[in-house]
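A short write-up of the structure that comes next.
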């Protein structure tokens, strides 16, 4: 019987494990502090702000300024496009999953960003982080069966509110099944804040090279994913992570 058949239906791929998501959202919090403090006072992990700013520029007739926002928005769009198209070709031509390759790409980008001088245009770092954040968000979608975002915190705040509402509704009921999901979203929010705190401290100390610190947690994730691809999950390459 093959390894894939021996795995139970409740088996979660390494790329779906909770601890992987905790690390990724910590890194995202670091990115947020990095781009806001050192790269133009913007958040590049999501695009709502850029779209609002583009609309505001259009509203006051600043056409050139409005067009500028198409650059980060397009980078984010391309990240989603690529991460949607390449997983199948990757697993059919390489002995690893797209999730693993993505983390390797992210580490290469981080290494490059650490060499970008403080005098360089901030758009270089902004576009690069827009791109990798989009790919990460579109690739890592569910942590052990629970939909999660690994690059921004808005949905986690919303889900905590929903969980607290259920806690009130079910306060006299023995059904506390909602608590697991509430706890997970709370953990993700805490790790995001932790990443922002760490990023703030080290960006003040090291400036742009502080981003190299994210190579350590990303390296741990990459090693775990690569080990799974080559050993325990070698026969599960055709299995898609939940949510895809």
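Residue numbers (the numbering used here): 417 to 660.
All residues carry an ideal CB built from backbone N, CA and C; glycine is no exception.
Query - Inter-residue Cα distance where the pair is residue 569 and residue 608 - result: Counted from its first residue, the chain shown places residue 569 at position 153. Counted from its first residue, the chain shown places residue 608 at position 192. Each residue's Cα considered, the two are about 7 Å apart.
Query raised in the report: Smallest Cα separation from residue 466: which of 643, 485, 478?
Result: For the purposes of this step, residue 466 is taken as the residue at position 50 of the chain shown. Answer by Cα proximity: 485.
Query raised in the report: Which residues bound the alpha helix (DSSP H) around residue 600?
Result: Counting from one through the chain shown, the residue named residue 600 turns up at place 184. For residue 600, the enclosing alpha helix (DSSP H) begins and ends at 594-622.
Requested in this report: Please report the Cβ distance between residue 631 and residue 525, rounded to the nearest whole angstrom; I am assuming they are in contact, meaning their Cβ atoms lie under 8 Å.
Outcome: Within the chain shown, the letter at position 215 stands for residue 631. Within the chain shown, the letter at position 109 stands for residue 525. The beta carbons of residue 631 and residue 525 sit about 11 Å from each other, so the pair does not count as a contact at 8 Å.
Requested in this report: Note down the Cα distance separating residue 645 from residue 426, rounded to an integer number of angstroms.
Outcome: The sequence position of residue 645 within the chain shown is 229, counting from 1. The sequence position of residue 426 within the chain shown is 10, counting from 1. The straight-line gap from Cα to Cα measures roughly 18 Å.
Query raised in the report: Is residue 460 closer than 8 Å to residue 414 when the C-beta atoms are compared?
Result: Residue coverage of the chain in this structure runs from 417 to 660, which leaves residue 414 outside it and unanswerable.
**Report entry** Min CB distance residue 524 to chain B below 8 Å
**Finding:** Checking the listed chains, one finds no chain B in this structure; it contains a single protein chain.
Query raised in the report: With respect to the alpha helix (DSSP H) encompassing residue 472, which residues constitute its N-terminal and C-terminal limits?
Result: Sequence index remark: in the chain shown, residue 472 carries index 56 (1-based). Residues 464-475.
Query raised in the report: Thinking C-beta only, is residue 554 closer than 8 Å to residue 491?
Result: As a working mapping, residue 491 is identified with position 75 in the chain shown. As a working mapping, residue 554 is identified with position 138 in the chain shown. No. Outside cutoff.
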